[in-house]
Amino acid sequence: MKQFLTGLFIWVNLLVYGQEANLIAEWTFHPNYQLPGNAANLPGNVIMAPQSRFERFKIAGPPIEFWNEKPTQRIKDIPLRGDLPLKDFSIELWVLNHVNMPVGALVAARNSDEIVWVIGNYDEKISLDLAEGRLQFDTIFTDNWKKYWTHLVTTCDDESITLYLNGKLVKEMAPIPLKSYEDLHLEISGYFRNEPYMEISNFLKRCRIYDQVLSKQTIQKRFELMKDEVDRGLLFDSIFHFNAGPYLNYSTKSSVNVLWETDRMSRASIDYGPTIPMGGKKIIGEPGYIQECTLDSLEENTLYYYQITATSESGDSIQSGILTFKTAVRDEDPFTFCVIGDTESRPHVNHRLSQLIWGERPDFLMHLGDVTDGGFQQHKFEWNLEYFTGITALASRIPVFPVAGNGEGDLYWYNRYHRLPDPESYYSFRFGNAEFFMLNSNVRDELKSGGVQYELLKSQLLKSTAMWKFVAHHHCPVSSDENDFGNTWEGEPSSGGDPRFDDLKKLYQDEGVDVVFYGHVHAYERSYPLTDGSVDEENGVVYIKSGGAGGHLEDYTAGRYNFSNTVQHGNHYCRVNISGNKLDFKVFDLEGRLKDFFQITK
992 MKQFLTGLFI WVNLLVYGQE ANLIAEWTFH PNYQLPGNAA NLPGNVIMAP
1042 QSRFERFKIA GPPIEFWNEK PTQRIKDIPL RGDLPLKDFS IELWVLNHVN
1092 MPVGALVAAR NSDEIVWVIG NYDEKISLDL AEGRLQFDTI FTDNWKKYWT
1142 HLVTTCDDES ITLYLNGKLV KEMAPIPLKS YEDLHLEISG YFRNEPYMEI
1192 SNFLKRCRIY DQVLSKQTIQ KRFELMKDEV DRGLLFDSIF HFNAGPYLNY
1242 STKSSVNVLW ETDRMSRASI DYGPTIPMGG KKIIGEPGYI QECTLDSLEE
1292 NTLYYYQITA TSESGDSIQS GILTFKTAVR DEDPFTFCVI GDTESRPHVN
1342 HRLSQLIWGE RPDFLMHLGD VTDGGFQQHK FEWNLEYFTG ITALASRIPV
1392 FPVAGNGEGD LYWYNRYHRL PDPESYYSFR FGNAEFFMLN SNVRDELKSG
1442 GVQYELLKSQ LLKSTAMWKF VAHHHCPVSS DENDFGNTWE GEPSSGGDPR
1492 FDDLKKLYQD EGVDVVFYGH VHAYERSYPL TDGSVDEENG VVYIKSGGAG
1542 GHLEDYTAGR YNFSNTVQHG NHYCRVNISG NKLDFKVFDL EGRLKDFFQI
1592 TK
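Residue numbers (our numbering): 992 to 1593.
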């Protein structure tokens, strides 16, 4: 029985499969993000995206400009089996466009001088070009499946040239014969000037080339198949793989929770221990897709190694690779945590933040919600293809302590992908000499005086003996953004935050909360220490908005509010160091540049 080994890289060009007649090439695109250096790891099996053919010296031809944009990435002279077809052929693309800036990609048959055919998608524009520009067709397409997915197929033969979008014929044109060309090769170009760190693999998910004309029925079946794979949250269609995790969430001095998902039913075991070889082992009794386990009876403040082995019902096995985590510190020890919010729809941004955060080696990561942009029950793909794609490299080593945002407000996948203290949507934990109170701000009535969460928080704050008290939730009690609480650019007054938090704000200041963290607005803001809305340097509560991970960035009002100390437009993360009675806080952007800092000494 074939065993799949950890770290096996599988190049898929379905020519070698020989299982689909007339399919001459297929590529799957997935970023396969890794941390740098010795922490680099790809859990289980992966399919690598195509790469340019290696040559010591090469003349690749000029780049193809697409809607006045120069490419930011080119995959040139991609190796193929056989020649690119020029008669009776079909080209299929599967595109995910979940950013709010103009980006795109194209696939072209070309040599150093001429472009024979090209099909591409830029922003909402679909473009087809044949025979060195003798046939050109452009259309605007907004009828995307699940708002963000587009299936593009073009066919060409002696009778017609067609374009199908999401299974529907949108254009049929008279044929144009293509002559033979020398040195013809395939190029895939990406246009991401407006989205730093974005790659072709974030936008183009699948490409196929056939040396036959696909029928309408076949095209529709292909579209249905693509939809099914997305609904199931698959990263790859042909291999046994992890499509979520490993994902550490919630750790204590003596335990850590580990979660993962495989694309098919599997049984699993975890080897773990403070040394290699690892001496501990846990076996998961029941097979499943999403599986979780608590590793307990651990030593405090200790580095551990672990590895997951999953075995499918057919007997194939995959391994996560040997990963690491560290248990929580003792009460008297210093510790560090990082903060992000609103990871949403940009795994390329979230991975960049992950690289920077990993460089800090924090004890844990606090996530302020909107883990996904809209990862409700019917949008599972936003978890697998976006959140876990961008965060797994980090979260397989650093435990995540999240709160729920409106992006996952139904809690359907949020609860399935986390193992948190009951009732999971809100909880508290102690770490070092600090206590953290994690609230679900999607249920505003529970946060008013007399509400379930309000009263629980009040009792917990009264009992808390921690030196530092932090609260985290998703929505904004204090904010000077431009339009969430009144569109200030259109003459509306802003309330400066959500007034439904007024009861909580009073509780925070009465019970000695030091800092309140939240996201929701995709920017950074730090208030002065506040009591009753006024600056109180001695006893006030500091409000920190950190919504600058992978969501669509937002901006601020035209004038500064009196409560606002610092604002910053841009992607970022926060780092908090606690040592006894001293707190050191810093904010860094995507390039690792310091954007804000402050200290508190008690």
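The beta carbon of each residue, even a glycine, is placed where N, CA and C say it ideally should be.
In the structure shown, what three-state DSSP assignment does residue i receive?
| i | result |
| --- | --- |
| K1439 | coil |
| G1350 | helix |
| L1026 | coil |
| S1157 | First, the residue type needs correcting, since residue 1157 is Asn and not Ser in the sequence shown. Correct three-state label for N1157: coil. |
| A1122 | coil |
| G998 | Model confidence at G998 stands at a pLDDT of 35, short of 50, so the residue's coordinates are unreliable; what they give is reported in the following sentence. DSSP places G998 in coil when its eight states are reduced to three. |
| V1090 | coil |
| G1583 | coil |
| V1007 | Note on V1007: pLDDT 37, under 50, position unreliable in the model; no value is reported. |
| G1381 | helix |
| D1413 | coil |
| D1324 | coil |
| F1610 | Here the chain comprises residues numbered 992 to 1593, so residue 1610 is not present and cannot be evaluated. |
| Q1064 | strand |
| I1069 | coil |
| Q1042 | coil |
| K1593 | coil |
| V1221 | helix |
| Q1310 | strand |
| A1386 | helix |
| T1209 | helix |
| F1214 | helix |
| Y1499 | helix |
| R1343 | helix |
Going by CA-CA distance only, name the one from the options that's closest to residue i.
| i | options | result |
| --- | --- | --- |
| P1325 | L1097, N1556, M1269, P1353 | P1353 |
| N1102 | V1086, D1068, L1077, N1135 | D1068 |
| E1545 | M1092, N1568, P1054 | M1092 |
| L1376 | F1231, F1194, E1017 | F1194 |
| M1164 | M1269, D1148, L1097 | D1148 |
| E1056 | H1464, Y1182, F1080, A1030 | Y1182 |
| L1250 | R1410, P1054, L1585 | R1410 |
| V1462 | F1128, R1407, F1392 | F1392 |
| Y1296 | G1488, T1146, G1264 | G1264 |
| D1505 | N1530, F1231, I1331, R1065 | N1530 |
| Y1155 | K1371, S1118, E1173, W1480 | S1118 |
| H1543 | E1528, M1458, K1449, H1339 | H1339 |
| S1470 | N1553, V1567, G1488, L1160 | G1488 |
| I1274 | R1258, D1287, T1266, I1281 | R1258 |
| G1306 | K1577, F1231, I1066, L1448 | F1231 |
With which residues is residue i paired in a DSSP beta bridge?
| i | result |
| --- | --- |
| H1142 | W1085 |
| E1426 | R1421, K1460 |
| E1164 | Position check: residue 1164 holds Met in this sequence, whereas Glu was assumed. Partner(s): I1152. |
| M1357 | V1330, F1392 |
| N935 | Absent from the structure is residue 935, since the part of the chain shown begins at 992 and ends at 1593. |
| W1136 | W1140 |
| L1177 | A1100 |
| V1362 | Answer is none; V1362 lacks a bridge partner. |
| Y1600 | Given that the chain is displayed from residue 992 to residue 1593, the structure contains no residue 1600 and the question cannot be resolved. |
| I1117 | N1112, T1130 |
| R1517 | I1535, T1557 |
| Y1238 | L1250 |
| Q1298 | D1262 |
Tell me whether the beta-carbon of residue i lies closer than 8 Å to the beta-carbon of residue j.
| i | j | result |
| --- | --- | --- |
| S1246 | P1390 | no |
| T1383 | Y1238 | yes |
| L1071 | L1385 | no |
| Y1432 | H1466 | Reading off the sequence shown, one finds Ser at residue 1432, where the question assumed Tyr. The answer is yes: Cβ separation under 8 Å. |
| A1100 | I1179 | no |
| I1261 | K1272 | yes |
| Q1590 | D1575 | yes |
| E1596 | R1199 | Summary: the structure shown does not reach residue 1596, with the chain confined to residues 992 through 1593, and so no result is reported for it. |
| T1300 | N1248 | no |
| L1452 | E1502 | yes |
| R1388 | A1030 | yes |
| V1094 | V1109 | no |
| Y1311 | F1233 | The sequence given here places Ser at residue 1311; Tyr does not occur at that position. Yes; because the gap between Cβ atoms is below 8 Å, this pair is in contact. |
| S1192 | F1372 | no |
| I1309 | G1035 | yes |
Report yes if the C-beta of residue i is less than 7 Å from at least one heavy atom of the ligand ADP; otherwise report no.
| i | result |
| --- | --- |
| K1218 | The ligand content of the structure shown is nil, which means the ligand ADP is not present either. |
Touching by the beta-carbon criterion (3+ pairs, under 8 Å), the region 1354 to 1370 and the region 1393 to 1400: Contact between the region 1354 to 1370 and the region 1393 to 1400 is established, with three or more Cβ pairs separated by less than 8 Å.
Touching by the beta-carbon criterion (3+ pairs, under 8 Å), the region 1085 to 1097 and the region 1125 to 1143: Yes, since at least three Cβ pairs between the region 1085 to 1097 and the region 1125 to 1143 fall closer than 8 Å, the two stretches touch.
The region 1314 to 1325 touching the region 1281 to 1296, judged by at least three CB pairs closer than 8 Å: Contact holds: three or more Cβ-Cβ distances are below 8 Å.
Inter-stretch contact at 8 Å, needing at least 3 Cβ pairs: the region 1102 to 1113 / the region 1197 to 1208: In this structure the region 1102 to 1113 does not lie against the region 1197 to 1208, because fewer than three pairs of beta carbons, one per stretch, are closer than 8 Å.
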